[in-house]
Structure formats: C-alpha cells, structure tokens
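K.L.:
Below you will find the structure I want to go over with you.
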Amino acid sequence: MPLYRALLYLYPASFRAEYGEEMCAIFARERRPAGFFGVVRWIRTFFEIGFNAAAAHADILRQDLRYILRTLRQSPGFTFTAIIVAALGIGATTAAYTMVDYVLIRPFPFADQDRLVKLLEDHASLGAHWDLSPANYRDWKGASTSFQTMGAYRSILVNVVAGDTPERIDGASLTSEILPMLGVQPILGRMFSVEDDLGGAPETLILSYSLWRELFAGDASVLGRKVLIDGVPHTIIGVMPQGFYFPNREARMWTAMRFAPPDFLDRTNCYITALGRLKRDTRFEQAVAEMQTVTGRLAQLYPKELAHTGATITRLREDVSPQSRMMLNALLGAAACVLLIACANLANLLLARSAARRKELAVRAAMGAGRERLVRQMLTESILLAAAGGILGVFLAIAALPALVRLVPVSLPLAEIPSVNWNILLFAVVLTIATGIGFGVVPAVRTGGASAEALRDNARSGGGRRERVRSTLVVVEVAASMVLLVSSALLIRALWRIQATDPGFRPDHTITLRTSLPMPKYDRTADRVRFYRHVLDGARKLPGVTNAAYTSFLPMVMRGGLWPIKIPEHPEDPANQEYASLRYITPGYFAAMGIPLRSGRDVAESDTRDGPFIAVISESFARHYWPGQDPIGRHFNVAFFDRVVVGIAGDVRVRGLERTSEPQVYVSYQQVPDGWMPWYPPKDLVVRAAGDAAALVPALRRIIGETDPEEPVSDVQTLDDIVAAETGTRTVQLIVLGSFAGIALLLAAIGVHGLLSFAVSARMQEIGVRIALGATRGSVLGMILGQATALAAAGIVIGAVLAFAAGRTLEALLAGVKPGDLSALLSASVTVLIMAAIGSLLPALRATRVEPIDAIRTQ
C-alpha cells in the first residue's frame, strides 16, 4: 500500500485530493495474487497510473492554457512587453552561443579533425607562430615519427585569366599531402598527386565550388581546360565540393607547390605553413615533445640560422588567437548579462501582475484552487511567454549573425556566416524553458501564498517584503547593465588610444592599388622598370596628382618582410639575431606616403645595380645601431648585399597601430636581381593628390591597362581605409558589445519604469494623503526620483565592483587602458543615472498629478 500511495503522487494534487483515498480503498479491497502474477499486477498498475496521470496533467494543462491565453489577450501591453523582453534576452544569448559554438566548439568538416595539427616555428627574437622555410619543413617531415603524413601550403594572390578580363583571386599553393589529409574528395576530377609536386610536371589547378560556378557557370566539362595564372597556363584537374573551406578560408583555388634545390639553401626564408595528421597511436603531447627534440637537433646542426628556434604545434580546431577567444567569451558573458536582466525584468513584470491580480487569485484559492494549481498556472504562463519570446529570439539571433562575421578568424576553415543547426535550436529550446522557469519561479511561489486577507476592501496589493524583492531585481538589472557599460567604455577608450597612434605616414588624399607583375613575364628587372616608369609617368601627369610611387608592400597590409641584419661594427650573435622590415621602393615613395625624410636623400633613378647598393633606414634603425652618430655613409648587410646608408626616414607602424614594428629599411627598386624572390619587387602603387584621390582610380586603371592589358588591378583602397581597417575588428567588437550594453540599458530602464509605475499605483492613496496634508508636487516628484536614484546608486556600486573584475578578463583587448579607468567608470555611472531618471520620469510625473480628493475617496 505505501508503494501505491507513492505512485498516486504522479497525479496532480487536485486529483489526489478528490480521488486519492477512494483509489487507495479500492486497491486495498482487491485481491492481490502472489508470485509471478503479483509482479504482473504491479507492472500493470504502474503503467495504468502513469498513463492516467499523464492524461490528467494534459487535461489540466489544456485548461490552464485556455485560461492563460484569455488573460494575456486582456492585457496586450503586458503580453507584448514580456515577449519582447524575453526575445531580446534569448535572442542575444542564442546569437552569442552560436558564434562560440561555431568558432570554438563545432567540429570542422574534416575527417578525424582531432588528429589535424598546424606546425609553425617560434624564434627567441621574433616570438612564436612564424612560417617555416622549405629546408626546415623538409627536415621536420623527414625526422618526425609522430605523424601519419605532413604537408605544406602558402597563401597566394594571383592573376587569373579564364576569359577576357583578368582577375585577382586568393588561393593557396600546396603539396600533394594536404587535401587527402583533410579527407574531403573533389566532386569533379582528382586531387594533386606526388607527380604534380615534381619540377617539370605540367602546371595543374583545382577550383573551389564558388569559383567554378563564377568562372565556368558550373560546367561539368571544365576538366582539362587551361587557365592563365600569372601568365602561366594551368590545367584544371578538379573541383572541390560546395561548403569546403581551406584552413585559410579566403582561398578559392589551389595550385601544386614545387620546391627547387635553391629553395632549400636559406633556412631563414620562411614562407610556408605545415599541416600534419597524427598517427592513431600518438598523443598530441608526444608529438610536441618529439618536435622540440627535432628542432633542438637542427639548432645544433645549424647554430647560425636556427639558434633558439623551436616548433609551435596547435590543433587545427584550436587555431584561434587569444584575443579572438577572449572576445567570443566576452560576447557570451555579455549575452548572459542581457539574459539575466531580461529574467529579472520579466520576474518583476510577473510580480507586479500577480500583485494586481491578488484578489482574483485569493478568490480562486477560497473557492478551492490549491496552491499547487496556482503555482503551476503561473509557471505555465511564464513558460508560455518565454516560448513566444524564444521563437522571436531565434529569428533575431539569425538576423544578427551576419553582423558578427568579423568575429570569425580568417585562419579557420569556416563559412563566413554561421549556420543555425539542430544543436543551436536545442540550446534555444533549453534556454527558453530555463528562462521561463527562471523568471517565473519567484512570482509563482509568491502567488501560491494568496490568502483570504487579500479580499478585504482596503487590502494593499503588495507589502514591504514584496516591494523589496522587486527592488532587488531592479538593482540586479542596473548592476548587470553597469558591467556591460563599463566594459564598452573601456573598449571605447582603447579604440581612441589606438586611433590616436601616429602611423608614421599621412593617410589623407592618397589612393593605393596593386598590380601583380607575375613571373616569368616580369622576371627581368629591366622589364619591371619599364612598367613602373610608364605607369608612374602617366599617374604623375593626372590633374591634381602631387606624387606617385611603387613599393613592395604597403605598411599594415603586409606586416612581415623581415630580414636579418648584419652590422660590421656589431659582432654576430645568433642567439639574439635582430631583424628589419625590408621594402623595395621607387623614387618619391616617401613624399607619396607622407613619411618624413629626416636627413640624407631619397632613393634615386641613378641607384641601379651598376652602382653601390644603397638603403634608406628608419630613425629607430639609426638610433639602435649607431646611437649618437651620423649613420649616413655607414654600411650594413641585408638581403644578401652590402648596402650604404644614404638617408634616414621617419618610423612607420609597419605591423599595425597596436604593435611596435621592427626598424625599416628601404632599397632601390632597380637593385633587385633578375628572377629573385618574385613576391618582393614593388607591386603596390601609391598616388597622392591635392583633392579626392579616389576619383583618380578610373584614370589609373586606364594607364595600367595601356601599359599591360593583361595586368589586373586589385586591392583599390585609400590609405585612410588601410588605417581604419587596423581598428576594424575592434570597432566590430565595440559595436557588438555596445549593442548588448544598449539592450541591457533599455531593459534596465523598462525595469525601473515598471517598478516605479507599480509603486505609484500602489501608493496612490498615500500620495494623495501627503498632498492633502501639504506636500508639494515638487516634493512628491523628488520622492519618486529619489527612489529611482537610490536603486540606480546601489546597482552602480555593485556593478562597478563586478565591472572591474570583468575588465581584468578583457585586459588583453584594452591596449593599455586600465580596468579601473576612472573616465570609463564615471561615464557608465552617469549613463545609468540618466537611464534611471528617464525610466522614472513618467511615473514621477503621474504621482504629481494625483488629486487628494480622488485618492481619499478610493480609500
């Protein structure tokens, strides 16, 4: 019998109260067989009770839903507000979780992704995560035993001619091991083979699905066709499937990487990235230890080039920068704050609603409605509101995802816009139910306490305890919004600090574009010089142009170009090898870029290979190697040649506004040996104008087309755009976090407004009596605004403490701004106080319009 009574608890409480004893009595009177048939009877009883209990719960749920929908239709303002608040909280959290899941959790579409790793070099003087040289890649691959296979690739940007118009397309040059390692088969044709890696083999090409559709309209007979890449015919051998993304997701085509014997001579010529697949019986830690051993042996064999050089191995799934990971986690934290504020807001709305319905609920309780039924009904109402908000929130999250694409690192093989899969929808469902229970449980429990006392005519709709709960919830909302506001203010301060950094050049009135000059067409320096002179002569004759020049790489666009420096006066120290950033330039580059020339002269047309190899160095180079001396006329070695210093230019932030750059070296564009390093000869054109430089682009395209009809123009942008792009990711981060802070502030304002509106309604009689006894309208206004200010002040104090802790976690994103920055704290505090004033203004004004006679008459 005790077991049977326990089973009856599966029924609703109202059902047990009405039928429970009778069912126990019937069960007791029945004959209970022993043995096997007794077990069968208990099993049958268990299933009968389970089925009937579920039917009873479903019947009550139908009744509750009909009642709830009817009451919600009668309160459209409350219903609309509750759904919007829930949608904002659930939508923000779903969008944030989608990004975190997409970048940090969701598996890549590669076979055995946990065994895929990326291998890079780390240098004592340069830091970690540097590309490999072909020689080191060869030796790493040959000496390691932890990998089932290892391959290499490098990103490329090439001229592609598949029709009448040349185009610049991102791609990758890779060894034959890479694509099989990723485990994705082409939908047409084949992958690269070992034969494709051999020198002298026909040039081959694999297209991405999107490029295949774009250039060939999805023609299935594309295999075998020829495409010109940098002037060299390549045969199409394959097309990758839709949705395939390379580890550099910008790549849209792939060519075979081939190494010639000279490529293995210089171990400091680092330009490739290695990928490896671990053997099934090899742990990641074993591979890391083995590679450290391998690099240690190589450092002993080649101490001059590889002293203090090691290996950095990361799982491909984890190839996310600490800053990106931190920002995504901060995004999730911000969404959690918004959700917390939304739940507190909704709880306050339901508390106010239950207080307003207190008499109605007391009547129902007096007529026999049990506490469980009332609590259950309130929870059902909150979950129903959360469900409506959750559906709307999912659509809001989907709409917000395109705005978050800048948070996806380019190094990951992912589509730009995350998809919402079943995991995300399941997360949204669980979040919706949790939200509904979270904001509904406190009002439901308090509603269950409705008593006959509420039926008295002058019974107040809420007491001090109830008001304290609502006030506490508002303080929580204000504190959470304060955390987000301070975090946003800190990011704003960091952004301003970075934007105020001098890049070392004048970005105004300057347009830049890229011409590729592919090899072997421009293998000879004389051919390149003719091209440069024709283009520059035409550009300088355009109206409004003040100067034009070519350079190997624009600052901040290409951040590397590092070469070891040898100074005759300084003894070589392989353990502390120093580097400089190298650019080949044409005359007039410093004037075109707005880089000050401190002393000496610019590169001149007379600086050819027949004369001394010259160099213009940066101020930091001069200070470091010849402190307190005049470096003009001094000699040093860089890029295999001895060079004489002829000028000193201002320092440039080559690596970007946030990083200190190595010293810079500029050498003559005519002093490049024929066929030497095809990516180093100048390709970027810089044109400075007196007016709008962007208006010159059509004329510049025409001049380049006249010079070489097969030369495409790409990467057209102003220097202002380049500098602005330096803070582009930070701007996106700020906009995202600021948007969350704005939503939080709006929700907190709604919370303050709702609390004070209810408080004014509940205290209408008290306010009328105060006015009747001589209180002025101003004092009533001050009383309500003072209550709002007190709530805001409590939230500010709590939020400031939490914001400092949040700022500590964001310190790597703050560019030197301290987490306790006073200006950020003050600006956020003032914003919260203004929000509290705005949220309380209407209730306060309504309180001042209370007529004492009307208030006393309703007493």
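Using my numbering, the letters of the sequence shown map in sequence onto residues 1071 to 1929. Don't be surprised by glycine CBs; every beta carbon is placed ideally from N, CA and C.
Please give the ranges of any alpha helix (DSSP H) in the stretch 1618-1698, keeping only runs that are unbroken, at least 4 residues long and fully inside the region.
P.N.:
1659-1663 and 1689-1695, all fully within the stretch 1618-1698.
K.L.:
Is the stretch 1616-1626 touching the stretch 1745-1763 in the sense that three or more CB pairs, one from each, lie closer than 8 Å?
P.N.:
Flag = yes, the stretch 1745-1763 and the stretch 1616-1626 touch.
K.L.:
Under the three-state reduction of DSSP, which class applies to L1789: helix, strand or coil?
P.N.:
The answer is helix: DSSP assigns L1789 an H, G or I state.
K.L.:
Per DSSP, what kind of secondary structure is P1573 in: helix, strand or coil?
P.N.:
It is coil, neither helix nor strand.
K.L.:
Can you give me the Cβ contacts of G1508 inside the same chain, cut-off strictly under 6 Å, excluding the 5 residues immediately before and after it?
P.N.:
Around G1508: C1413.
K.L.:
Helix, strand or coil for P1768? Go by DSSP, reduced to three states.
P.N.:
The answer is helix: DSSP assigns P1768 an H, G or I state.
K.L.:
When burial is assigned at 16 or more other CB atoms within 10 Å of the CB, is R1140 buried or exposed?
P.N.:
Label assigned to R1140: exposed.
K.L.:
Fully enclosed by the stretch 1168-1241, which beta strand (DSSP E) runs are 3 residues long or longer?
P.N.:
Qualifying beta strand (DSSP E) stretches, in chain order: 1186-1193, 1197-1200 and 1217-1231.
K.L.:
Using the DSSP secondary-structure output, state which residues sit across from S1784 in a beta bridge.
P.N.:
Paired residues: R1584.
K.L.:
Residues in the same chain with beta-carbon distance under 6 Å from G1608, minus the five sequence neighbours each way, listed in chain order, please.
P.N.:
Only I1773 meet the Cβ criterion.
K.L.:
With 16 as the cutoff for other CB atoms within 10 Å, does Q1447 come out buried or exposed?
P.N.:
Q1447 is buried by the Cβ-count criterion.
K.L.:
Hey, is V1490 close to the ligand NAD, as in C-beta under 7 Å from one of its heavy atoms?
P.N.:
Questions concerning the ligand NAD fall outside what the structure shown contains, since it holds no ligand whatsoever.
K.L.:
Between which two residues does the alpha helix (DSSP H) containing T1063 stretch?
P.N.:
The structure shown does not extend to residue 1063, since the chain is modelled only from 1071 to 1929, so the question has no answer here.
K.L.:
Strictly by DSSP, which residues pair up with S1738?
P.N.:
Partner(s): I1655.
K.L.:
Does the separation of the CB atoms of V1902 and G1865 fall below 8 Å?
P.N.:
Yes, the pair counts as a contact, with Cβ atoms nearer than the cut-off.
K.L.:
Could you tell me the alpha carbon to alpha carbon distance between A1860 and F1575, rounded to whole angstroms?
P.N.:
One C-alpha to the other measures close to 51 Å.
K.L.:
By Cβ distance below 7 Å, which residues in the same chain neighbour E1088 in space, the five residues on each side in sequence not counted?
P.N.:
Nothing listed; no residue qualifies.
K.L.:
For F1711, which three-state DSSP category applies?
P.N.:
Strand, per DSSP.
K.L.:
Find out if the Cβ-Cβ distance for the pair L1189, D1201 is shorter than 8 Å.
P.N.:
For L1189 and D1201, no; Cβs fall outside 8 Å.
K.L.:
Quick check: the stretch 1315-1332 against the stretch 1262-1271, are at least 3 beta-carbon pairs closer than 8 Å?
P.N.:
Short answer: they touch.
K.L.:
CA-CA distance, G1346 and R1185?
P.N.:
Between G1346 and R1185, the C-alpha separation is close to 8 Å.
K.L.:
What's the C-alpha gap between T1115 and F1085?
P.N.:
Spanning the two alpha carbons is a distance of roughly 17 Å.
K.L.:
Under 8 Å by Cβ, that's how I've got T1918 and R1847 pegged, so tell me the actual separation to the nearest angstrom.
P.N.:
Their Cβ separation, rounded to whole angstroms, is 4 Å, which keeps T1918 and R1847 in contact under 8 Å.
K.L.:
So, using beta-carbon positions, are D1790 and D1578 closer together than 8 Å?
P.N.:
Yes. Within cutoff.
K.L.:
Using DSSP with H/G/I as helix, E/B as strand and the rest coil, what is K1591?
P.N.:
Reduced to three states, the DSSP call for K1591 is coil.
K.L.:
Would you mind sorting L1912 into buried or exposed? The rule is 16 or more other CB atoms within 10 Å of its CB.
P.N.:
Exposed is the call here.
K.L.:
Could you pull the start and end residues of the beta strand (DSSP E) that T1384 belongs to?
P.N.:
That run of the beta strand (DSSP E) goes T1379 to R1385.
K.L.:
When the Cα atoms are used, what is the spatial distance from T1595 to D1336?
P.N.:
Approximately 22 Å, taken between the alpha carbons.
K.L.:
For the alpha helix (DSSP H) containing I1248, name the first residue and the last one.
P.N.:
Per DSSP, I1248 belongs to the alpha helix (DSSP H) from I1248 to L1252.
K.L.:
Assuming G1308 and P1250 make a contact with CB atoms under 8 Å, what is their CB distance in whole Å?
P.N.:
Contact doesn't hold; Cβ gap of about 12 Å is too wide.
K.L.:
Determine the contact status of Y1649 and I1635, defining contact as a CB-CB distance below 8 Å.
P.N.:
In contact: Y1649 and I1635 (Cβ atoms closer than 8 Å).
K.L.:
For the stretch 1452-1462 and the stretch 1149-1167, state whether three or more C-beta atom pairs, one from each stretch, are separated by less than 8 Å.
P.N.:
Segments in contact, yes.
K.L.:
Which two residues bound the contiguous alpha helix (DSSP H) that contains P1913?
P.N.:
From DSSP, the alpha helix (DSSP H) with P1913 extends over L1892 to T1918.
K.L.:
Where Y1602 and I1383 are concerned, what is the direct C-alpha to C-alpha distance, given to the nearest angstrom?
P.N.:
Using only the alpha carbons, I get a separation of about 42 Å.
K.L.:
In the DSSP assignment, what are the bridge partners of T1325?
P.N.:
Per DSSP, S1243 and L1275.
K.L.:
Could you give the C-beta distance for I1908 and A1819, rounded to a whole number, given that I count them as a contact under 8 Å?
P.N.:
Rounded, the Cβ-Cβ distance is 6 Å, consistent with contact.
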